[in-house]
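Position in the sequence shown (first residue = 1) + 1409 = our numbering.
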Amino acid sequence: MLSDPLVLAAACLAVIIIGLAKGGFSGIGALATPVLAMVMPPVQAAAVLLPILIVQDVVSVWAFRKTWNRRIVAIMLPGALAGIALGWAFAEILPVAGMMAMLGLISMMFGVWRLWVERGGRIVAAAHAPDWAGVLAGVAAGFTSQVAHAGGPPFQIYVAPKKLPHEEFVGTTSVLFAIINWAKVPAYIALGEFTTENLGISAMLVPLAIVSTAAGVWLIRRLDAPRFYTIVYLLMIGLGLKLIVDAF
C-alpha cells in the first residue's frame, strides 16, 4: 500500500503530526486520522496509527509516572471503556461512508472548539463536578478516541476546571490515554483491522514518529505557535468538511 505515492505522503504526514503533538504541539494530534482517512477507509486509518500511539505512550507514561491523578483516572476510565465499546459497535454497523461522515463531523467539531479556546473561550464547568460528570466525559473521550484518536476535548472539559498542577495534568492525560489506547486494541482486532499489512505499515512509520517527536520539541521553542495552531485547526475543519462531502 505504501508503494502508492499518495498513500505514502498521507501516512508520513499523519505520523509527523502525531510526533509533533507528542513533542509539544498539544492538540494537533487529532488531525492525523482525518489526514490518513483521505487515502484509506477511516477505521483502517485509525488502526494503522494506533500502534504508533502506543509506542509513544511508553515514553510519556514513564516520564510522568509519579505525577498523575489516580482519582480522575479511576472516575473516567469505566466510562471510557464503555465509549470504546460504543465506537466499536458503530464501526461494525456503519458502512465506510458513515464512518467517513462521523470522522469528518468529529474533526470539524474539534477544530471549531480548539479555535474557540485559542481565542479566549472559557470552559464553563464546575471545578468540583460530580463523579457522574467524569464518567460521562469518559464515555465521550473513549468514543471519540476509538473513532478518531481525538479524545482530548471531553477530557479537558472535565479536568481543566480542576486546575491541576501542569505536570499532574500532563501525567493524568498520559496515563489515561495510554490505558485507553491499549483498551482499543481488542476492538480493532475484532474489526479485523490488525492485519499483517496494517501492522507492517505501522512498524515502518515508527522511526518517523520518533524523529517527529524530537522535531516537535525543537520547533515548539522557535515557531509562532498561535499562528501555527490556527492553521492546523482550520485544516481540521476543512478536512472534516471534505470527509463529510465525500461520504455523500
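From the three backbone atoms N, C-alpha and C, an ideal C-beta is built for every residue, glycine too.
If you look at F1564, you'll find it in the alpha helix (DSSP H) that goes G1561 to V1568.
Shown here, K1572 sits in coil according to DSSP, grouped into three states, outside any helix or strand. Assigned with DSSP and collapsed to three states, L1608 falls in helix. Membership of V1548 in the alpha helix (DSSP H) is indicated by the continuous run D1540 to A1557. Sequence-distant partners of G1492 (beyond 5 residues in either direction) whose C-beta falls short of 7 angstroms from its own C-beta, in its chain, are G1547, V1548, A1549, A1550, G1551, F1552 and Q1555. In the structure shown, S1469 falls within a helical segment according to DSSP collapsed to helix, strand and coil. The alpha carbon of A1420 has as its nearest neighbour, out of L1545, G1543 and P1451, the alpha carbon of P1451. By the criterion of at least three beta-carbon pairs nearer than 8 angstroms, the stretch 1505-1521 is not in contact with the stretch 1470-1485. The stretch 1577-1652 contains, as complete alpha helix (DSSP H) runs of 4+ residues, the segments 1605-1628 (chain order). With fewer than 16 neighbouring CB atoms inside 10 Å of its own CB, P1504 falls in the exposed class. Take the alpha-carbon of I1646 and the one of V1444: they are about 12 angstroms apart.
DSSP places R1480 in the helix class (H, G or I) of the three-state scheme. In this structure, the straight-line span from the alpha carbon of L1422 to that of V1448 is close to 12 angstroms.
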